[in-house]
Amino acid sequence: MSITLFLAAALSTPAPVTLTVPAPTVEKSDVGYHELLAGRPEAAIASIEKSGLARAGDPLALINLGTAYKMLGRKDEAQRLYKAAVSSDDRFDVELGNGRWVDSRRAANIALNQLGSSEVLALR
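The numbering of the sequence shown is the working numbering, which starts it at 1 and goes up by one.
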């Protein structure tokens with residue numbers, strides 16, 4: 001009986017709400033932004049990996065790490081990282097290199113769509 005009530009209670013709870021919040025404050029170099037703009041993908045990879053943010057699933061770090069790999073011609077790795085950012089439980093408003101703010105999932109989808117082009121998406 002108590003199991004049935006627990007299941008009924010669990011099934012009647014509303015679905016979780018997704019909120020978009022500003023990205024956490026981190027040093028811009030932690031996500032390799034300046035290195036990417038300077039055309040130094042190896043330095044961006046080192047910076048992002050050192051920060052541990054990509055391993056933690058931070059979408060901003062995943063996208064910039066993917067961009068660094070794209071710049072090195074490793075598009076399969078870039079695609080994997082962009083897809084990880086799209087499916088991340090974390091979601092932030094991120095600033096594109098042109099100053100426009102978008103949701104991190106939108107930014108990751110933009111990066112995926114640009115995978116075959118020479119355009120580079122760097123976020124801060």
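Note that CB positions come from ideal geometry on N, CA and C, so glycine has one too. Owing to the predicted nature of the structure, the values given are computational and were not obtained by experimental measurement.
Check	Outcome
Quick one: using the 10 Å Cβ neighbour count with 16 as the cut-off for buried, is A38 buried or exposed?	exposed
Check whether the segment 79-90 and the segment 55-67 are in contact - that is, three or more C-beta pairs closer than 8 Å.	yes
Do three or more CB pairs link the segment 97-117 to the segment 64-75 at distances below 8 Å?	yes
Just to confirm, are L96 and A107 a CB contact at a threshold of 8 Å?	yes
Among G73, N98, R74, whose alpha-carbon lies nearest the alpha-carbon of Y33?	N98
Does L65 come out as helix, strand or coil in the three-state DSSP assignment?	helix
Is it buried or exposed, A8, if we count other Cβ atoms within 10 angstroms and call 16 or more buried?	Confidence at A8 is low in this model, with a pLDDT of 40, below 50, so its placement is unreliable and no value can be given for it.
Contact defined as beta carbons within less than 8 Å: I believe L123 pairs with V94. What is the distance between those atoms, to the nearest angstrom?	5 Å
Starting from the C-beta of E35, find all residues in its chain whose C-beta is less than 7 Å away, skip the five residues before and the five after it, and write them out in chain order.	A43, A44, S47
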